[in-house]
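Let me begin by presenting the structure, written as structure tokens, before commenting on it.
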Amino acid sequence: MTTESNADAPAELLDRARRDYKELTARGLKLDLTRGKPAPEQLDLSEGLLSLPGDRHHAPDGTDVRNYGGLRGLPELREIFSDVLQVPADRLLAAGNSSLELMHDCLVHAFLSVLPGAETRWADQERIAFLCPVPGYDRHFALTERFGIEMIPVPMDDSGPDMDVVERLVAEDPAVKGIWCVPKYSNPNGVVYGDETIARLARMTTAAPDFRIFWDNAYAAHHLTDEPVEIADLSAACAESGNPDRPFVFGSTSKITFAGAGVGFFGSSTANVDWLTANSSKRSIGPDKVNQLRHLLFLRDAEGLRIHMERQRSLLQPKFDTVQRILEAELGGTGLAEWTTPTGGYFVTLEVGEGCAKEVVRRAAEAGIVLTPAGATHPYGDDPRDATIRIAPSFPSLEELEKAMLGLTTCVRLVGYEKRHGN
Ligand code: PMP
18 MTTESNADAP
28 AELLDRARRD
38 YKELTARGLK
48 LDLTRGKPAP
58 EQLDLSEGLL
68 SLPGDRHHAP
78 DGTDVRNYGG
88 LRGLPELREI
98 FSDVLQVPAD
108 RLLAAGNSSL
118 ELMHDCLVHA
128 FLSVLPGAET
138 RWADQERIAF
148 LCPVPGYDRH
158 FALTERFGIE
168 MIPVPMDDSG
178 PDMDVVERLV
188 AEDPAVKGIW
198 CVPKYSNPNG
208 VVYGDETIAR
218 LARMTTAAPD
228 FRIFWDNAYA
238 AHHLTDEPVE
248 IADLSAACAE
258 SGNPDRPFVF
268 GSTSKITFAG
278 AGVGFFGSST
288 ANVDWLTANS
298 SKRSIGPDKV
308 NQLRHLLFLR
318 DAEGLRIHME
328 RQRSLLQPKF
338 DTVQRILEAE
348 LGGTGLAEWT
358 TPTGGYFVTL
368 EVGEGCAKEV
378 VRRAAEAGIV
388 LTPAGATHPY
398 GDDPRDATIR
408 IAPSFPSLEE
418 LEKAMLGLTT
428 CVRLVGYEKR
438 HGN
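Going by my numbering, the first residue of the sequence shown is number 18, and it counts up by one from there.
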């Protein structure tokens, strides 16, 4: 997505951008487009959870949810998420309130205990590396960096990571133990992994016997159009290719119900599920099953989940439409930027001219509009082209979003035209 045009912008365009920016800074805005948090109205959709489970304390299978135990989570809740996460319920765990903590734990446990298929722990190996499709999710990168795992960026195209690069790197380097993937409505560029990409991930030859795909399907149910996207079933493809232990599937209700009080899920082969359960049994006597029962009673079944996500969409879609409308009106045809039009998920990626992203973010902050730091979409916070900006439209009201987008596009014009004029 290259954006620079060599055409000289007429001086009036720069003058106008400077005037607009001056007006913008005089407005004393205080707006935040940083994180993909659900808006209060989205959280209101799940208000019913607060009065559940009422006076019930037994799950349908008779489990008393008030007590210890049930490390794998309530079976009926796992059933609801089995289809959407493409993992049979008996190999899907319902855990705590966060999928990120499950990813964290999987990394820690891989360092401290031998993974199925391996002979040594990661802690006993000199070097561990992960492939990081870019642009990607900053918290994935923060996790890998935290544990001293080397991050190797891999470019993405419209159907996922560049598989020629992935296949070469995993085949030649036994230190490459994993890859981060957000396969549906990816964070931040909304990419949906294509069938061929998924088939190649499943069957590729890896030098590491304990290579894992961290399949973070955080936006599996988060459609923004009438045509929900389905992706190929990675777990089934891996099993068919003789690599059943390759995928670690993650998901959560963070952007379905409450972002701070939802339920996280982990799905994989029986060997991996047993490995994680054995490890997590040292860490906890069991998850919060009261919260799980609450979710079960609230969502009821897969159809209940679908209807709930339609309601979420009715709140989110107008915001994504607003982003597209303003980007098109303010930047369309300028050659200053390109952007994604996601069909689901939580983010829009804005690509500004090379060397412009940090400056756009700085100018926006000066005008009271806080954006995710430029570079956050890349390992070590280093976007070599300094061109990618992540837009998170969910949290602000429509009115605030409109102001923030107009402000942001003013900054893009200012920085872009200044650069063209060599200022
Ligand atoms: N994965 C991705 C791709 C995300 O975008 C987010 C939230 N921004 C998370 C995981 C965090 O999930 P959780 O709240 O379940 O920890």
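Even glycine gets a Cβ: it sits at the ideal position worked out from N, Cα and C.
With respect to the alpha helix (DSSP H) encompassing A249, which residues constitute its N-terminal and C-terminal limits? Position 232 of the sequence shown, counting from 1, holds the residue named residue 249. Unbroken run through A249: none, as it is neither H nor E.
Taking all protein chains shown into account, do 16 or more other C-beta atoms lie within 10 angstroms of the C-beta of A76, making it buried, or fewer, making it exposed? One-based indexing of the sequence shown puts residue 76 at position 59. Residue burial annotation: A76 is buried, with at least 16 other C-beta atoms found within 10 angstroms of its C-beta.
I'd like to confirm the pairing. Which residues does DSSP put opposite W197 in its beta bridges? The sequence position of residue 197 within the sequence shown is 180, counting from 1. W197 pairs with F231.
Kindly indicate which residue of L62, N234, T358 has the alpha-carbon position closest to the one of G281. For the purposes of this step, residue 281 is taken as residue 264 along the sequence shown, with counting starting at 1. Answer by Cα proximity: N234.
Run the proximity test for S297: is its beta-carbon closer than 7 Å to any non-hydrogen atom belonging to the ligand PMP? The residue labelled residue 297 in the question sits at position 280 within the sequence shown. No; taking the cut-off as 7 Å, the Cβ of S297 has no heavy atom of the ligand PMP nearer than that.
Can you tell which of P335, F265, P245 has its C-alpha closest to the C-alpha of L251? As a first step, residue 251 must be located in the sequence shown, where it is residue number 234. Ranking the options by Cα distance to L251, first place goes to F265.
In this structure, how does DSSP classify G455 when only helix, strand and coil are distinguished? The displayed coordinates of the chain run from 18 to 440. Any statement about residue 455 would go beyond what the structure contains.
Does the structure place the stretch 405-415 close enough to the stretch 45-54 that three or more beta carbon pairs sit under 8 Å? Look at the beta carbons and you see the stretch 45-54 touching the stretch 405-415: at least three pairs across the two are nearer than 8 Å.
Just how far apart, CA to CA, sit E118 and I408? The residue labelled residue 118 in the question sits at position 101 within the sequence shown. The residue labelled residue 408 in the question sits at position 391 within the sequence shown. Approximately 24 Å, taken between the alpha carbons.
Ends of the alpha helix (DSSP H) at W292? As a first step, residue 292 must be located in the sequence shown, where it is residue number 275. Residues 287-300.
Let me confirm a value: R89 is counted as buried when at least 16 other C-beta atoms fall within 10 Å, else exposed. Which label applies? Counting from 1 along the sequence shown, the entry for residue 89 is found at position 72. So R89 ends up on the buried side.
If you follow the alpha helix (DSSP H) that I324 is part of, which residue opens it and which one closes it? To locate residue 324, count along the sequence shown from 1; it is residue 307. It spans 319-348 - the alpha helix (DSSP H) in which I324 sits, taken as one unbroken run.
My output table needs one value for E368: the three-state DSSP class, helix, strand or coil. The count along the sequence shown starts at 1 and reaches residue 368 at position 351. It is a strand residue.
Between E162 and Y397, is the Cβ-Cβ spacing less than 8 Å? Residue numbering aside, residue 162 sits at position 145 when the sequence shown is read from its first letter. Residue numbering aside, residue 397 sits at position 380 when the sequence shown is read from its first letter. Between E162 and Y397, the CB-CB gap stays under 8 Å.
Any heavy atom of the ligand PMP closer than 7 Å to the Cβ of D72? Counting from one through the sequence shown, the residue named residue 72 turns up at place 55. Not one heavy atom of the ligand PMP sits closer than 7 Å to the Cβ of D72.
Can you list, in chain order, the residues of its chain whose CB lies under 7 Å from that of G211, leaving out five sequence neighbours each side? By 1-based counting over the sequence shown, the position of residue 211 is 194. Excluding sequence neighbours, G211 sits near S176, G177.
If G268 sits next to N114, beta carbons under 8 Å apart, how far is it from one beta carbon to the other, in whole angstroms? Within the sequence shown, the letter at position 251 stands for residue 268. Within the sequence shown, the letter at position 97 stands for residue 114. Incorrect: roughly 13 Å between the Cβ atoms, too far for contact.
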